[in-house]
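> Supplied in structure tokens, the structure appears directly below.
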Amino acid sequence: MEAHDPGSVTRRLGDIREALLRLHQTLLDWQRRGHERLYGRVSANELLQVLLHDPEFAWLRPISEAIVRLDEMMADEALADEDAVLVQVRALASPDAEGTPYAQRYLQAIQESPDAVLAHRDLLALLRRSRDPR
28 MEAHDPGSVT RRLGDIREAL LRLHQTLLDW QRRGHERLYG RVSANELLQV
78 LLHDPEFAWL RPISEAIVRL DEMMADEALA DEDAVLVQVR ALASPDAEGT
128 PYAQRYLQAI QESPDAVLAH RDLLALLRRS RDPR
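Counting the sequence shown from 1 gives a position; my numbering is that position plus 27.
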């Protein structure tokens, strides 16, 4: 019953959005550290430029797009798309050595970064609850 309550859906999607933001920041920090090992420290403005234009950071775009999609959906109260967005987020939470460039880099981040493991765990817990909202 609660699964169809718009307030409940909005809260659940908001929680998933926050977990996805934390995961994105964790992955960005991990990628930044690798970039800085090769090229030296970057300022916040330089980081924005490499994030937007450097192919090394392109793998992060799917998670950025999912966050934007969640934001738009919640702002427009288009909650009917909840299942589609959850499918997208579940795919993003699936590291895979044979998968997309995102899934491969995500797996590498989880293997190398304890913070990524924790952010991954938190997102998975929310996704499991979204399947069984009791």
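Positions of the beta carbon are idealized from the N, C-alpha and C atoms, including for glycine.
Remember, predicted model here, so these are calculated numbers, not experimental data.
How many angstroms separate the CA atom of Tyr133 from the CA atom of Leu87?
Their backbone Cα atoms lie some 9 Å apart in a straight line.
> Under three-state DSSP, which class holds Arg132?
Reduced to three states, the DSSP call for Arg132 is helix.
> Of the choices Pro122, Tyr129, Trp57, whose alpha-carbon is the least far from that of Arg148?
Checked all of Pro122, Tyr129, Trp57; the closest Cα to Arg148 is Pro122.
> Give the DSSP-derived three-state secondary structure of Arg68 in the structure shown.
In the structure shown, Arg68 sits in coil (DSSP, three-state: anything other than H, G, I, E or B).
> Looking at the unbroken alpha helix (DSSP H) that takes in Glu109, where does it start and where does it end?
Looking at the DSSP string, the run of the alpha helix (DSSP H) that includes Glu109 is 109 to 119.
> Just to confirm my understanding: we take Arg59, look at its own chain, exclude 5 residues before and 5 after, and list those with CB closer than 8 Å. What are they?
Here the set comprises Val69, Leu74.
> According to the neighbour-count rule (16 or more other Cβ atoms, all chains shown, within 10 Å of its Cβ), is His62 buried or exposed?
With 16 or more Cβ atoms within 10 Å of its Cβ, His62 is classed as buried.
> With Ala143 as the anchor, note down where its alpha helix (DSSP H) starts and where it stops.
From DSSP, the alpha helix (DSSP H) with Ala143 extends over 141 to 158.
> Determine the direct distance from the alpha carbon of Glu109 to that of Ser35, and round the result to whole angstroms.
For Ser35 and Glu109, the distance between alpha carbons rounds to 12 Å.
> Any idea what DSSP makes of Leu89, helix, strand or coil?
Going by the sequence as given, residue 89 is Pro instead of Leu. It is helical.
> Have a look at Ala105 and Gln52 and give me their C-alpha separation to the nearest angstrom.
Whole-angstrom Cα-Cα distance: 26 Å.
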